[in-house]
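For reference, each letter of the sequence shown is one residue, going 1 to 357 in UniProt numbering.
These notes concern the structure reproduced below.
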Amino acid sequence: MVLFPSPSALKASFDPNGKKAAASNYWINASEDKSLTQQAEKELAKGVDAVKKSSGIEMFSPEFYGACTFGGLLACGLTHAAVTPLDLVKCRRQVNSSLYKGNFQAWKTIIAQEGLGGVFTGFGATLVGYSFQGAGKYGFYELFKKKYADWAGEENAAKYKTGLFLVASASAEFIADILLCPWEAVKVKTQTTIPPYASGVMDGFKKLVAAEGFGGLYKGITPLWLRQIPYTMVKFASFENTVLAIYANLPKKKEEYSVYAQTGVSFLGGYIAGVFCAVVSHPADVMVSKINAEKEASESMGSAVSRIYSKIGFSGLWNGLPVRIVMIGTLTGLQWLFYDSFKAFVGLPTTGAAQKK
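Here it is, written out as structure tokens:
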């Protein structure tokens, strides 16, 4: 057996015009059976297809909307629950502005009267309610944004992109608030009653239904829509345009930056959007807290709003605004950070289209 063939033997083996050497003359032989090669090519093709499928999610597929829905659930549920101590003080000061002098004094008083766990009153209802709301908000926003853009056409969608963001976010929030409302009612009732109305989310749910029926869970739906729909319209439209402006003023295209840089832009854009959101939606937020805390079962919504407004006046609608600006700014920034980080984790692009340069 020849281990190192001579030049003439190599020429005979690989030169089409030469005499082919016997395969058995070499240490390593190639099979004449091409079926093995064909089978290997098929297996390779299967592997390539598998890699393609696992490398990401197809845009605007059911899996895409499912991922956006789950990302919204995580983004809103976790962040709202994390700021429960701030939300607790805000709600109580909205209902009774003279109750506490400031946040630190409020937390000190709550801990002294109710224990350390008292500052997390309403945590369970917040986590459940805003998880549902976040799932609906982000999932339906992505869906409506795509559908409305398709209906408008590519040229109109690009020309009137802010209007598209506003309509898509309003549509999504309308549905999301139906999911949120029962748990918001339990949260506010528990937080604004001293001592707390219920020991936990399900205890509060059962007590509220027993006292007011299932209709009591939705007594605040109208002011909730009035609060959340403008809030979400500003949140999404200002975020999308802020991110667009940030990338337009950076030296490179969005796609040339790392995922960490892109999610950093998401946080900054979200925080800026959150400040606008807090101001726009604050009067309705105060009214939601007041109605859930004070509205009587036999009282109509219009009568309740009129009575409460006559008592607190225009200035009363702005109670707790500085706290809410800090809370909502941080909250919105973190939500976009979590949402876009999750999208990047599953192989999707971060939210916000970069301006073409």
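All C-beta atoms in this analysis are idealised placements derived from N, C-alpha and C, irrespective of residue type, glycine included.
Pair within 8 angstroms by beta-carbon distance, G136 and I175: Mapped onto the sequence shown, residue 136 falls at position 136. Mapped onto the sequence shown, residue 175 falls at position 175. Yes, the Cβ-Cβ distance between G136 and I175 is below 8 angstroms.
Report yes or no: do three or more beta-carbon pairs, one from the segment 255-275 and one from the segment 75-87, lie closer than 8 angstroms? no
In chain order, what residues of the same chain lie with their CB nearer than 8 angstroms to the CB of F267, ignoring the 5 residues before and after it? Along the sequence shown, read from residue 1 onward, the residue named residue 267 stands at position 267. Cβ within range, chain order: G333, L334, W336 and L337.
Taking Cβ to Cβ, would you say M233 is nearer than 8 angstroms to S300? Counted from its first residue, the sequence shown places residue 233 at position 233. Counted from its first residue, the sequence shown places residue 300 at position 300. Contact: no.
Check this for me: beta carbons of L143 and Y197, under 8 angstroms apart or not? As a working note, residue 143 is residue 143 in the sequence shown. As a working note, residue 197 is residue 197 in the sequence shown. For L143 and Y197, no; Cβs fall outside 8 angstroms.
Alpha carbons only, please: which of A157, T69 and S199 is nearest the one belonging to T121? By one-based count along the sequence shown, residue 121 stands at place 121. Among A157, T69 and S199, the Cα nearest to that of T121 belongs to S199.
Just reading off the alpha helix (DSSP H) that T79 is part of, what are its end residues? What you label residue 79 is simply residue 79 of the sequence shown in a count that begins at 1. P62 to A82 is the span of the alpha helix (DSSP H), which, as asked, contains T79.
Residues near S341 in its chain [Cβ-Cβ closer than 6 angstroms; skip 5 each side]: Position 341 of the sequence shown holds residue 341. Contacts found: T263.
Alpha helix (DSSP H) containing A297: first to last residue? On the sequence shown, residue 297 is found 297 positions in, with the first residue counted as 1. Here A297 belongs to no alpha helix (DSSP H), and DSSP marks it neither H nor E.
Is the Cβ-Cβ distance between V286 and L224 less than 8 angstroms? Here residue 286 refers to the residue found at position 286 of the sequence shown. Here residue 224 refers to the residue found at position 224 of the sequence shown. Taking 8 angstroms as the Cβ cut-off, V286 and L224 do not qualify as a contacting pair.
Give the DSSP-derived three-state secondary structure of V346 in the structure shown. What you label residue 346 is simply residue 346 of the sequence shown in a count that begins at 1. Three-state result, V346: coil.
Entirely within the UniProt repeat "Solcar" (261-345) and at least 4 residues each: give me those alpha helix (DSSP H) ranges in chain order. 301-316 and 321-345
Helix, strand or coil for E256? Go by DSSP, reduced to three states. The residue given as residue 256 occupies position 256 in the sequence shown. Reduced to three states, the DSSP call for E256 is helix.
With a threshold of 16 other CB atoms inside 10 Å of the CB of F60, please say whether the residue is buried or exposed. The count along the sequence shown starts at 1 and reaches residue 60 at position 60. Label assigned to F60: exposed.
For the alpha helix (DSSP H) containing T222, list its first residue and its last residue. On the sequence shown, residue 222 is found 222 positions in, with the first residue counted as 1. Unbroken alpha helix (DSSP H) run through T222: I221 to A248.
If you run the structure through DSSP and keep just helix, strand and coil, what is Y160? On the sequence shown, residue 160 is found 160 positions in, with the first residue counted as 1. Y160: coil per DSSP, three-state reduction.
Kindly confirm or deny that the segment 185-194 and the segment 204-219 touch, where touching means at least three C-beta pairs closer than 8 angstroms. yes
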